[in-house]
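Data first, discussion second: the structure below is written as structure tokens.
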Amino acid sequence: MSWRNIEPNAYAVLNLLSEAESIIVLDTETTGLAKNAKIIQFSAIRYKINADFSLEQIDFFDTYINPDEKLKAKITEITGISQDMIEKCPKEDIIAKDIVAYLSKASIYAAHNAPFDIDKINAMFERIGIEFCLPAPKVIDTLPCARDCFPDLDSYKLQDIVENIDTENQFRYHNSLEDIKATALVLEQEVKKYQQLLENIYAQPFKRTAHLNWASCNINTRAKSQQRIKLNIDEDLYGNIFWDIPKKRWDCKRDKKSTQLFAEINMTNLEEQVLHRYGHRYNASNMDELGANWLREKKEKEKNKKSA
1 MSWRNIEPNA YAVLNLLSEA ESIIVLDTET TGLAKNAKII QFSAIRYKIN ADFSLEQIDF
61 FDTYINPDEK LKAKITEITG ISQDMIEKCP KEDIIAKDIV AYLSKASIYA AHNAPFDIDK
121 INAMFERIGI EFCLPAPKVI DTLPCARDCF PDLDSYKLQD IVENIDTENQ FRYHNSLEDI
181 KATALVLEQE VKKYQQLLEN IYAQPFKRTA HLNWASCNIN TRAKSQQRIK LNIDEDLYGN
241 IFWDIPKKRW DCKRDKKSTQ LFAEINMTNL EEQVLHRYGH RYNASNMDEL GANWLREKKE
301 KEKNKKSA
């Protein structure tokens with residue numbers, strides 16, 4: 001038994017798609033994961049958004065980019081892009097204006113693990129002095145949406161999500177264009193799932209409101225991967241309900257009392273109480289951010305305490 005508040009993402013995605021005629025799904029391959037890593041392949045496909053939210057390809061843009069540095073063997077192994085393939089390709093200061101022109105054809109975008117691509121694209125524009133940037137609120141990230149829509153997956157890598165919804169698995173991953181087509185498929189399935197989940201929410205019976213007393217961030221010393229925000233609710237019930245930080249979802253202990261409590265409580269309201277109490281303190285607007293930021297601070301405090 002687990003739960004995620006799907007409503008914020010669901011309404012954000014459906015509203016964005018409702019307001020636009022087309023969407024650009026994009027992907028990048030880069031020289032690495034570091035903040036200063038450069039793009040070596042940029043790809044984007046523009047899709048028409050049909051009335052039922054299905055996507056119909058209009059056109060595409062695909063280019064290799066010479067990063068003006070030698071590729072690491074590991075990057076070639078992962079992406080299939082070799083030094084020879086990019087040696088005579090345009091450098092970012094030459095191709096960036098064409099990328100901007102293509103991105104300007106749509107007002108909304110999508111990517112899997114979008115913050116990574118947004119950061120790398122906007123960093124490229126900033127290096128060159130181009131004032132265009134991808135606005136994060138206009139980019140649908142299919143990764144957290146997948147956590148909402150497919151809660152039982154062990155992995156949320158693009159390939160693993162696709163294998164869950166498309167057994168034919170016809171895509172060649174870590175090639176930008178292929179990753180985009182896979183992302184578009186995932187987005188279409190997420191939209192369908194969101195519509196179903198919202199209907200189910202409206203049909204649910206009334207659930208009672210629990211009172212949040214306080215919460216704490218905990219790391220199990222005997223199982224370090226067990227990282228939780230534990231809640232104290234109602235009459236001093238502590239730890240029965242918790243936010244699982246690695247899995248990014250609400251869950252409960254496996255005893256009868258906890259599962260019954262979890263089933264009868266309005267979790268949307270309880271999450272709102274947690275974010276109202278702790279969101280500002282840890283610079284978080286949602287539970288994914290709260291878990292990550294609170295855990296980071298806790299680890300830093302423990303590290304400083306040991307070194308003192």
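Residue 281 in UniProt numbering sits at position 281 of the sequence shown, and the numbers go up by one each step. Where a beta carbon is used, it is the ideal one built from N, C-alpha and C, also for glycine.
Quick one: residues in its chain with C-beta nearer than 6 Å to the C-beta of residue i, no 5 flanking neighbours on either side, listed in chain order?
i      : result
Asp234 : Ala210 and His211
Glu19  : none
Hey, residue i and residue j are a contact pair by Cβ (cut 8 Å); roughly how many whole angstroms apart?
i      : j      : result
Ile241 : Trp294 : That belief does not hold up - the Cβ atoms of Ile241 and Trp294 are roughly 16 Å apart, past 8 Å.
Ile49  : Ile23  : 6 Å
Val13  : Thr183 : So it is not a contact: roughly 13 Å between Cβ atoms.
Asn66  : Lys91  : 5 Å
Leu177 : Asp59  : At roughly 12 Å, the Cβ-Cβ gap does not stay under 8 Å, so Leu177 and Asp59 are not in contact.
Asn266 : Lys207 : 4 Å
Starting from residue i, trace the beta strand (DSSP E) in both directions and tell me its first and last residue.
i      : result
Ala215 : Leu212 to Ile219
Glu56  : Leu55 to Tyr64
Tyr238 : Leu237 to Asp244
Any idea which residues DSSP pairs residue i with across the strands?
i      : result
Glu29  : Gln41
Ser22  : Lys48
Val139 : Tyr109
Ser155 : DSSP lists no partner for Ser155.
Asp251 : Ser2 and Phe242
Gln227 : Ile219
Ile233 : Leu212 and Leu237
Lys91  : Asn66
Ile165 : BP columns for Ile165 are empty, so no partner.
For residue i and residue j, I'd like the C-alpha separation in whole angstroms.
i      : j      : result
Leu275 : Pro115 : 22 Å
Trp214 : Val100 : 48 Å
Ile95  : Lys72  : 22 Å
Phe42  : Glu289 : 28 Å
Gly129 : Ala136 : 19 Å
Phe262 : Tyr238 : 13 Å
Ile161 : Lys193 : 14 Å
Where do the ends of the alpha helix (DSSP H) carrying residue i lie?
i      : result
Asn304 : Met287 to Ser307
Arg127 : Ala114 to Ile128
Ala203 : Ser176 to Ala203
I'd like the list of long-range same chain contacts for residue i, defined as Cβ closer than 8 Å, with 5 residues on each side in sequence excluded.
i      : result
Asp119 : Lys35
Asn269 : Thr209 and Ala210
Quick one: what's got a C-beta closer than 7 Å to residue i's C-beta in the same chain, skipping five residues either side?
i      : result
Asp117 : Leu26, Asp27, Thr28 and Ala111
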